[in-house]
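Scroll down for the structure; my scribbles are underneath it.
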Amino acid sequence: MREEIKNAGNILNDLISSLEELVETALKKKEIILTDAADSQKLVNIITKERNLTRDFKKVELSLAATFKEIGTIFDVEGMNLSGLINRLVDFPEEKNIFIEKKEKIDSLLDSFVELNNINTSLLNTNANYYRYLFKKLNKSNTYRRENKKQKINLVSTTA
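First residue of the sequence shown? That's 1 in the working numbering, and the numbers climb one at a time after it.
See below:
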């Protein structure tokens with residue numbers, strides 16, 4: 001069990017690093033839009049940002065899906081999520097606290113990512129509100145799972 005916990009910890013560390021990079025990128029993009037004085041250039045930047053943001057949101061979604069899939073594989077449980085993982089660590093209080101801290105860090109990064117990308121354009125607001133809703137659901141013991149041949153990612157409720 002210790003080996004599984006170590007592997008899951010490494011996977012979550014990778015996810016945290018990935019999310020930190022995306023938050024840093026989002027911060028840089030927002031600074032560009034907020035500091036640009038020319039209206040026409042600002043519009044171009046916002047349109048470009050919308051396209052890039054859609055890709056960034058997909059990266060977040062894919063990172064979460066891949067992480068939960070890997071954690072599920074380690075513990076041989078389909079659709080494992082962070083709450084389910086933490087619940088399995090009852091006999092390992094020290095590790096459980098570490099994973100709770102990792103979950104809080106991930107939640108914080110996801111919130112920051114959504115807040116940074118929530119500016120006054122309809123597409124960005126729609127995406128940000130959708131992802132804010134998605135991440136709230138994720139915190140309530142839900143998880144991502146790949147479904148159908150196109151590997152479309154959906155939020156799937158679990159009982160953890």
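Virtual Cβ for every residue (Gly too), placed ideally from N, Cα, C.
TODO: Rank 15, 92, 28 by C-alpha distance to the C-alpha of residue 2 and give the top, closest one.
DONE: Residue nearest to residue 2 within the set 15, 92, 28 is 92 (criterion: CA-CA distance).
- [ ] Between the Cα of residue 18 and those of 106, 73, 81, 100, spot the shortest distance and give me the residue it belongs to.
- [x] That would be 106, whose Cα lies nearest to the Cα of residue 18.
Open item on the list: Which of the three DSSP states is assigned to residue 77 in this structure?
Closed with: The answer is coil: DSSP assigns residue 77 none of H, G, I, E or B.
- [ ] Assuming residue 12 contacts residue 69 (C-beta within less than 8 Å), just tell me the rounded distance between them.
- [x] Cβ-Cβ separation between residue 12 and residue 69: approximately 13 Å, too far for a contact (criterion under 8 Å).
Open item on the list: Looking only at its chain, what residues have a beta carbon closer than 7 Å to the beta carbon of residue 15, apart from the 5 residues adjacent to it on each side?
Closed with: These residues qualify, in order along the chain: 63, 67, 106.
Task: DSSP three-state assignment for residue 127, whether helix, strand or coil - done: Residue placement at residue 127 is poorly supported in this model, since its pLDDT is 49, which falls under 50; the coordinates still yield a value, given next. Three-state result, residue 127: helix.
- [ ] Just confirm the distance between the C-beta atoms of residue 233 and residue 22, as a whole number of angstroms; I'd bet it's less than 8 Å.
- [x] For the chain, the structure presents residues 1 to 160; residue 233 sits outside this window and is missing.
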